[in-house]
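Numbering (the UniProt record's numbering), first residue to last: 1 to 764.
Glycine included, C-beta positions come from ideal geometry on N, C-alpha and C.
Because the structure is a prediction, the values reported are computed rather than measured.
To keep things clear, I will list the structure first and then write my remarks on it.
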């Protein structure tokens with residue numbers, strides 16, 4: 001066996017789940033897992049009859065009124081994805097759930113959910129049988145006729161599950177729908193891994209969804225069949241008699257490990273290897289499990305991973321709790337993991353189906369997410385409902401144990417490793433080998449004021465986003481706030497309803513002189529007007545140290561200015577004027593570095609000289625030379641942006657090239673003057689060291705003298721739609737971290753099934 005190869009390792013950088021009892025909530029899902037709490041729901045006859053389940057079936061003695069239900073599956077945020085309510089109601093709920101899951105997973109990874117052009121982000125997903133089409137849509141002939149044949153197919157057929165996500169999120173890598181029954185989502189993970197390792201994609205989403213309508217909330221128990229008699233899945237227990245069908249979805253975001261480290265991603269776990277195969281004829285029947293194929297796929301995954309089986313401490317099994325499946329699965333595992341090593345630590349078995357039911361196509365990825373969380377928490381979870389081990393499962397003499405309570409996970413040979421299995425009806429088997437994520441490099445963290453940006457498609461969703469972000473920030477360690485702010489700024493879509501607030505030692509917006517987070521819509525009129533920078537270089541010089549500490553663009557200008565002053569025999573007034581000029585130029589450059597693109601510059605006195613530097617008429621050394629009284633080192637150049645004195649028209653190229661103008665500006669007082677009468681064409685931002693605005697009632701005339709005030713101005717302009725991407729210098733050393741994801745609107749889009757003679761599902 002070869003050693004693990006980091007060049008062939010894949011990082012799990014994003015997770016999203018929609019599971020019974022923990023919809024969109026990874027923490028709650030882990031709580032259920034670690035405490036062995038199952039999420040199966042039981043229904044009354046009245047509920048079932050109201051959903052259209054036939055009366056004779058409800059009253060049948062073998063009918064089990066249970067299912068692990070995803071209660072919100074009838075709801076969809078159609079506005080976010082630009083679907084009409086009618087199209088949303090016709091679409092397969094599985095594909096709607098999967099679309100929201102993909103968005104949330106990318107946000108959890110700190111990746112913008114609507115990607116920029118040129119990306120190579122792949123999608124590998126699948127869905128279960130579209131029972132909604134059969135039970136709810138097709139009987140509604142009026143809706144079917146209105147949709148038309150092609151519209152109905154596009155909204156319903158499995159073929160479009162991956163391409164729908166790629167289209168709506170602008171993902172331009174491979175988009176492949178995967179179908180392999182119960183192993184679908186883990187097969188999708190394997191295919192995503194292969195796409196990354198062969199450089200077909202740089203980022204890949206993988207997962208699946210299975211959702212059935214309420215008409216399928218229950219099943220007929222058949223002795224020896226797949227479904228249990230009492231609605232509980234008791235994997236590996238003596239009382240095990242089957243599984244429980246369930247609804248759910250999961251999506252993971254994967255990336256080459258080296259790329260994830262380079263990009264500052266949070267790595268939740270590492271995929272060391274994966275494999276898929278099929279049983280072929282090596283089993284009793286088409287629906288039967290095959291131990292030979294299972295053992296072969298696990299061995300192949302370990303070989304690809306370069307991992308010694310003796311170092312694996314947890315196997316998240318397929319674990320259906322069936323009389324045939326559990327013994328065969330353990331027999332296959334023993335072929336691979338039985339060890340002669342006398343100090344071999346026990347390997348725990350896990351079975352997530354005992355908690356969330358059998359989620360069919362999504363079962364494998366939910367098992368993977370469970371294993372990732374177990375690695376992160378360094379905890380071996382229990383198997384729910386396990387009291388007496390199944391005597392037909394031969395564990396005696398094996399390395400395996402069945403945990404009945406959560407326990408700390410002790411590394412084997414210094415590492416935590418897990419395997420995850422999924423075996424589909426029809427014989428397609430998949431196995432993934434996981435390893436705990438490497439510890440992130442330690443960093444020196446400073447607590448400075450940060451700007452937090454949130455946006456949404458609607459005002460209500462934006463306010464929800466603000467509330468979640470403010471609460472999250474309040475619970476975040478001060479040293480981590482920079483990463484949170486960076487993630488929310490770069491790892492989210494920029495949507496039309498926006499809010500911005502500052503973090504600080506005393507909470508959001510404290511000490512900034514501006515009100516708390518307020519939601520407002522991007523202003524088309526303001527965007528049409530654009531921004532102008534009014535450079536004054538006036539006021540007090542105190543308060544700029546935070547700009548220097550926290551702002552690399554401002555700091556670079558300040559350091560350049562300090563170098564120009566070093567060793568120069570200047571009197572104190574001249575030194576102060578140089579300092580004012582440098583501060584003003586640094587603030588203007590900082591605003592531009594934070595995405596403010598001015599259409600025009602204006603200045604007065606020393607501020608006009610600073611404007612000449614910002615506009616490229618003079619370099620900073622040339623301007624400082626004028627302040628020192630040195631001869632002109634070079635002729636001035638034409639302005640790269642329209643530049644005007646505060647009381648006049650924009651300077652012509654000839655006027656910019658006149659050195660006497662800049663010598664006069666170097667000697668002029670640092671005092672602001674009113675802007676010209678036509679100044680309301682633009683939204684003017686004062687750039688200087690003053691504490692209060694010096695002109696006009698326009699609320700956009702915010703001061704930029706202090707770090708918090710500058711950030712507040714940037715936030716206000718971003719809300720209006722007037723701030724673009726930041727200079728990469730601001731992102732140096734930042735990491736993408738989990739932060740609040742989008743609050744999807746809970747709007748019902750669903751066609752209720754008419755009362756019919758529908759039977760409930762007899763197979764999975």
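- May I have the straight-line CA-CA distance separating residue 260 from residue 559, to the nearest angstrom? Those two C-alpha atoms are separated by around 33 Å.
Distance, Cα to Cα, residue 613 vs residue 665?
Straight-line measurement puts the Cα of residue 665 at about 12 Å from the Cα of residue 613.
Given a threshold of 16 other Cβ atoms within 10 Å of its Cβ, counted over all protein chains shown, does residue 720 qualify as buried or as exposed? Under this definition residue 720 is a buried residue.
Original post:
Apart from the five residues just before and just after residue 551, which ones in its own chain have a Cβ nearer than 6 Å to its Cβ?
Top reply: 590.
Under the three-state reduction of DSSP, which class applies to residue 102: helix, strand or coil?
Shown here, residue 102 sits in a helix according to DSSP, grouped into three states.
ask   = Any idea if residue 678 is buried or exposed, counting beta-carbon neighbours within 10 angstroms, 16 or more meaning buried?
value = Exposed, by the Cβ-count rule.
Discussion item. Within 10 Å of its beta-carbon, does residue 42 have 16 or more other beta-carbons around it, so buried, or fewer, so exposed?
Written reply: It is exposed - the Cβ of residue 42 has fewer than 16 other Cβ atoms within 10 Å.
- Query: In this structure, what does DSSP give as the bridge partners for residue 650?
  - Reply: Per DSSP, the beta bridge partners of residue 650 are 644.
Proximity below 8 Å, CB of residue 266 to CB of residue 737:
Cβ distance < 8 Å, so residue 266 and residue 737 count as in contact.
Quick check: what's the CA-CA separation for residue 602 versus residue 609?
A direct Cα-to-Cα measurement between residue 602 and residue 609 gives close to 10 Å.
- Item | Cα-Cα separation, residue 431 to residue 245 | Cα to Cα, residue 431 sits roughly 22 Å from residue 245.
Can you give me the C-alpha to C-alpha distance between residue 142 and residue 71, rounded to a whole angstrom? About 27 Å.
CA-to-CA distance, residue 174 to residue 779, given in whole angstroms
Absent from the structure is residue 779, since the part of the chain shown begins at 1 and ends at 764.
Buried or exposed by the 16-neighbour rule on C-beta atoms within 10 Å, applied to residue 199:
The residue in question, residue 199, is exposed, as its Cβ has fewer than 16 Cβ neighbours within 10 Å.
Review point. Buried or exposed: residue 286, going by 16 or more other Cβ atoms within 10 Å of its Cβ?
Key: That one is exposed.
request  = Buried or exposed for residue 108, please, with buried defined as at least 16 other CB atoms from any protein chain shown within 10 angstroms of its CB.
outcome  = Burial call: buried.
Just verifying my parser: in three-state terms, what is the DSSP assignment at residue 282?
Here residue 282 sits in coil by DSSP.
Residue 301, DSSP secondary structure in three states:
Here residue 301 carries a helix assignment [DSSP, helix/strand/coil].
**Study point:** Distance CB(residue 784)-CB(residue 636) smaller than 8 Å
**Key:** Nothing about residue 784 can be read from this structure; the chain reaches only from 1 to 764.
| said: Excluding the 5 residues flanking residue 744 on each side, which residues of the same chain have their C-beta closer than 6 Å to its C-beta? | reply: Here the set comprises 77 and 100.
Extract the residue ranges of the beta strand (DSSP E) inside the stretch 417-470, only unbroken runs of 3 or more that lie entirely within it. Runs of the beta strand (DSSP E) inside the stretch 417-470: 417-423, 428-436 and 450-456.
Notebook entry, point to check: Which first and last residues belong to the beta strand (DSSP E) in which residue 231 is found?
Noted result: For residue 231, no beta strand (DSSP E) run applies, since DSSP gives it neither H nor E.
Same chain, Cβ closer than 8 Å to residue 84, neighbours up to 5 away in sequence not counted:
The residues are 78.
*Apart from the five residues on each side of it in sequence, which residues of its chain come closer than 6 Å, Cβ to Cβ, to residue 466?*
Leaving aside the five residues that flank residue 466 on each side, the residues in its chain whose CB is nearer than 6 Å to its CB run, in chain order, 454, 499 and 517.
Exercise. Let me know if residue 732 comes out buried or exposed under the rule of 16 or more other beta-carbons within 10 Å of its beta-carbon.
Key: Exposed, by the Cβ-count rule.
Please state the DSSP three-state secondary structure of residue 72. Residue 72 falls in the helix class under three-state DSSP.
Would the stretch 402-411 and the stretch 377-391 be scored as touching if the rule is three or more Cβ pairs under 8 Å?
Contact between the stretch 402-411 and the stretch 377-391 is present: 3 or more CB-CB pairs across the two stretches fall below 8 Å.
>> Less than 6 Å between C-beta atoms, sequence neighbours within five positions excluded: which residues of the same chain meet that for residue 763?
In response: Its pLDDT being 34, under 50, residue 763 is placed unreliably by the model, and the measurement read from it follows with that caveat. Correct list: empty, nothing qualifies.
Start-to-end residues for the alpha helix (DSSP H) that takes in residue 337:
Here the alpha helix (DSSP H) through residue 337 covers 325-337.
Measuring CA to CA, which of 555, 537, 14 and 178 is closest to residue 257? Closest option to residue 257, Cα to Cα, is 14.
### Query
Are the stretch 182-197 and the stretch 418-433 in contact at 8 Å, needing three or more beta carbon pairs?
Short answer: they touch.
Nearest residue (CA-CA) to residue 203, options 395, 554 and 166:
The residue with the shortest Cα to Cα distance from residue 203 is 166.
Review point. With 16 as the cutoff for other CB atoms within 10 Å, does residue 281 come out buried or exposed?
Key: The residue is exposed, with fewer than 16 neighbouring Cβ atoms inside 10 Å.
Requested in this report: Could you pull the start and end residues of the beta strand (DSSP E) that residue 366 belongs to?
Outcome: Residue 366 -> not in any beta strand (DSSP E); alpha helix (DSSP H) instead, spanning 363-377.
How about the stretch 154-173 and the stretch 230-241: do they share at least three Cβ pairs that are nearer than 8 Å?
The stretch 154-173 vs the stretch 230-241: no contact.
Practice prompt. Under 8 Å by Cβ, that's how I've got residue 452 and residue 503 pegged, so tell me the actual separation to the nearest angstrom.
Written response: Contact flag correct, Cβ pair sits at about 6 Å.
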